[in-house]
Amino acid sequence: MIPDGNRVGAPAPGSAAPFLLLLQVNARSMARKALSLREKSRLWVTVIGIFLVGYAVMAYGLFFQGLRFLSRFPGLGGLLVERMLFLLFACLFALLLLSNLVISYSNFFRNRESDFLLPLPVSPGTIFRWKFLESVVLASWAFLFLIAPLLLAYGHVQRVDWQFYPMVGGLVVLFILLPAVAGSWFALLLARHLDRRLFQIVLVGGIALLVGFVVWRTRPTEVTEEMLLENRVLVVIDRLLDNTRVVQFPLLPSYWLSSAVQHWVEGAFRGAIFYGAVLLSHTLFFGLIAVTRFGSVLYEATSCVRGRGSLLGGWSRLRQRLGARPGPRGSVASSSLLERWVGLVPGLPGDIGAILVKDIRVFWRDTTQWGQTLMLFGLLTVYLLNLRHFTRQSDSAFWVSLTGFLNLGACSLNLATITTRFVFPQFSLEGRRVWLMGLAPLGLARVVWWKFVTASVLTGFLTLGLTLLSCRMLHLEAGRTAFFAAAIVGMTLVLNALSVGLGTLYPNFAETNPGKIVSGFGGTFCLVLSFVYILGSVLLLALGSPWGWHGEEALAGRAVASGLGFVLASLLTGGIPLQLALRRAATMEL
């Protein structure tokens with residue numbers, strides 16, 4: 289272990305000058321980028337502003353109406369709001385932990401700035417503190433944006449004084465630092481020991497135990513005869529909410545934050561100050577450990593990552609055992625196992641297959657890409673595990689239709705997340721060597737078209753399988769299942785066409801980070817259009833539902849008009865960007 293600050297030419301361990309210099313330089317860079325937006329991207333600023341303001345207003349209105357509706361029930365409403373608050377902050381803590389883990393790993397070990405700073409006479413502790421601050425901002429800004437309307441609505445419903453809002457703001461800032469410290473520590477631990485067999489076994493076993501515990505705790509509660517005979521409503525509700533008791537564990541940081549907020553609302557200021565002090569003390573303790581001791585661990589972990597041939601270790605040997613033919617000097621020849629599998633796809637041209645192999649390898653080598661994919665699949669697993677609680681337990685046609693279309697909206701929003709995050713940056717990731725494909729016989733237009741086809745096939749299998757499985761878990765009949773399956777197939781084609789089209793029209797060949805490519809104007813515009821299209825499509829299909837909403841037979845004219853409107857909106861949303869992208873690729877000057 290190399291102590292922090294003992295490298296040749298490094299500043300003293302207690303010197304804050306390098307950190308302040310990094311902070312000043314990046315602050316000036318961000319300020320200049322913000323000023324340049326007024327001249328170069330006014331449309332982008334307008335779209336983002338409308339989207340942010342619209343979301344804030346809509347979210348505040350929904351939270352306010354929901355909390356006011358629950359508060360109308362004497363006694364019961366307070367219990368439900370209290371338990372929902374505990375559950376919300378516990379789930380957000382888990383999501384922040386995963387987000388900080390992925391972003392911290394990318395910032396520490398897959399970042400050009402980190403590669404530039406490490407050889408300089410700057411202590412590893414300073415580098416860690418700067419990258420840690422950057423990771424906290426990147427991982428937590430969305431959390432703050434999502435939670436602000438809820439806390440404002442909660443304070444409005446409870447009619448608190450103005451002091452409540454700055455108090456909650458300070459506690460939320462302290463709260464987000466704890467998962468940031470834990471996420472950065474897990475990222476360093478993962479990079480330092482990932483190639484060790486014992487660590488891999490412990491990691492897989494721990495994940496399996498965690499998943500099993502979540503499945504066991506979220507099992508449905510059976511309504512017993514004793515509960516049916518119970519006259520006390522609060523006792524029955526408390527037993528039905530027994531699975532949520534885990535979020536009220538006193539050692540959870542989410543418990544401290546939720547308890548402080550509720551004690552302040554109830555006027556128990558001493559209790560609120562106590563839980564706020566508990567949160568503050570833990571944040572200061574673990575934060576001090578992170579900023580003073582994690583620098584040397586970062587230096588060692590970086591050395592391990594740079595010296596490791598593959599992230600999972602031994603991948604080349606595994607490929608050779610599975611049938612890859614070694615080329616000269618022990619390298620893997622062109623007929624690798626991946627290329628063999630891609631070659632088995634019927635009707636796939638050889639040149640397009642080579643591009644597909646290249647995209648898969650680039651995706652696999654980017655830890656951030658497949659790390660976020662695992663996080664997304666984890667959220668999908670949680671969604672499917674909880675979907676069984678919405679099975680059809682009554683004969684109400686209204687609730688059957690409502691849950692069906694809400695499930696369609698959830699599946700399509702998941703599809704929009706995948707296409708925007710992973711499909712949109714594909715053309716930009718070709719980089720400054722895109723001219724090679726432009727001068728090749730296949731041409732850029734053909735590359736764009738096949739990127740759309742392959743992305744549609746890959747995402748189509750995922751979303752169609754998710755839709756069919758969720759419809760089965762909701763016990764929907766075959767007609768409704770076929771209806772939702774056809775709708776999600778059409779939306780898959782449209783959202784992939786939109787992502788590929790806008791990704792080609794608004795490329796960023798200078799950037800190699802897919803996350804930063806998506807954060808530009810094209811990615812933001814794609815995300816907003818995807819959400820607008822999904823909202824409009826679900827509403828159109830719901831208004832013209834062939835099964836009606838209250839058991840009556842739907843009007844044939846309304847159903848036909850709804851279907852035609854959905855088809856027309858799909859053609860306009862996906863067809864126009866894809867057609868413009870093909871023309872742009874065919875005439876692009878390289």
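Residues 289 to 878, numbered by the working numbering, are exactly what the sequence shown covers, in order. Backbone N, C-alpha and C fix where the C-beta goes; we use that ideal spot for every residue, glycine too. As the structure is a computational prediction, the values presented were derived from the model and not from experiment.
7 Å Cβ shell around residue i - same chain, five flanking residues per side excluded
| i | result |
| --- | --- |
| Leu310 | Trp418 |
| Leu600 | Reliability fails at Leu600, whose pLDDT of 43 lies under 50, so the model's placement of it is uncertain and the value that follows must be treated cautiously. Cβ within range, chain order: n/a, list empty. |
| Trp603 | The predicted position of Trp603 is uncertain, since its pLDDT is 43 and thus under 50; no value can be drawn from it. |
| Thr708 | Ser787, Val806, Gly811, Cys814, Leu815 and Ser818 |
| Val456 | Leu439 and Val549 |
| Val736 | Phe715, Val788, Thr792, Ala869, Leu870 and Ala873 |
| Ser423 | Asn388, Ile391, Ser392, Asn395, Ala468 and Ser472 |
| Thr742 | Leu644 |
| Leu459 | Leu545, Ala548, Gly564 and Leu567 |
| Ser850 | Leu828, Leu829, Leu831 and Gly832 |
Boundaries (first-last residue) of the alpha helix (DSSP H) holding residue i
| i | result |
| --- | --- |
| Thr769 | Ala766 to Leu793 |
| Glu588 | Phe557 to Gly595 |
| Pro467 | Phe452 to His481 |
| Ser758 | Leu732 to Met761 |
| Trp552 | Pro541 to Val553 |
| Gln446 | Pro412 to Gln446 |
| Ser807 | It is not in any alpha helix (DSSP H) - Ser807 carries neither H nor E in the DSSP assignment. |
| Phe879 | Here the chain covers residues 289 to 878 and nothing more, so residue 879 does not appear. |
| Ala873 | Ile864 to Thr875 |
| Arg400 | Arg400 to Leu405 |
Separation of residue j from residue i, as counted between CA atoms
| i | j | result |
| --- | --- | --- |
| Pro467 | Ser387 | 9 Å |
| Val492 | Thr414 | 33 Å |
| Gly778 | Ala766 | 18 Å |
| Val335 | Leu482 | 42 Å |
| Leu764 | Gly692 | 8 Å |
| Ala305 | Gln312 | 10 Å |
| Arg613 | Leu625 | Bear in mind that a pLDDT of 48 at Arg613, under 50, signals an unreliable position, so the model cannot answer this. |
| Leu462 | Gln550 | 17 Å |
| Gln353 | Val820 | 23 Å |
| Thr751 | Leu783 | 12 Å |
| Leu868 | Arg316 | 37 Å |
| Trp738 | Leu870 | 11 Å |
| Phe396 | Val585 | 11 Å |
| Leu746 | Val553 | 49 Å |
| Pro541 | Arg320 | 37 Å |
| Phe381 | Ala733 | 45 Å |
| Phe712 | Leu340 | 21 Å |
| Thr580 | Ala785 | 49 Å |
| Leu690 | Val534 | 30 Å |
| Leu478 | Ala470 | 12 Å |
| Phe404 | Tyr348 | 43 Å |
| Leu831 | Arg846 | 8 Å |
| Thr861 | Thr705 | 17 Å |
| Leu866 | Leu790 | 8 Å |
| Ser858 | Arg360 | 42 Å |
| Trp687 | Leu762 | 11 Å |
| Leu426 | Met318 | 14 Å |
| Gly753 | Phe854 | 22 Å |
| Ser833 | Gly555 | 49 Å |
| Ser428 | Leu384 | 7 Å |
| Leu757 | Ala578 | 44 Å |
| Ala237 | Trp835 | What the structure shows of the chain is the stretch from 289 to 878, and residue 237 is not part of that stretch, so it cannot be assessed. |
| Gly500 | Gly494 | 10 Å |
| Phe573 | Leu636 | 58 Å |
Other residues of its chain near residue i: CB distance less than 8 Å, five sequence neighbours each side excluded
| i | result |
| --- | --- |
| Gly641 | Glu627, Val630, Gly631 and Val633 |
| Leu696 | Thr755, Phe772, Ala775, Ile776, Val826 and Leu829 |
| Phe307 | Thr414, Arg417 and Trp418 |
| Phe582 | Gly413, Phe416, Phe420, Ser472, Trp473 and Leu476 |
Close beta carbons around residue i, own chain, < 6 Å, minus the five adjacent residues each side
| i | result |
| --- | --- |
| Ser700 | Met779 and Ile822 |
| Phe420 | Ser472 |
| Ile864 | none |
Residue-chain proximity (residue i, chain B), Cβ-Cβ < 7 Å
| i | result |
| --- | --- |
| Phe740 | Within the model displayed, chain B is absent; a lone protein chain is all it includes. |
At least three beta-carbon pairs within less than 8 Å, the stretch 440 to 452 to the stretch 408 to 418: no
So, does the stretch 540 to 559 touch the stretch 374 to 384, judging by three or more C-beta pairs under 8 Å? yes
Contact between the stretch 389 to 401 and the stretch 429 to 439: three or more CB pairs below 8 Å? no
Inspect the CB distances between the stretch 555 to 571 and the stretch 583 to 593 and report whether three or more fall short of 8 Å. no
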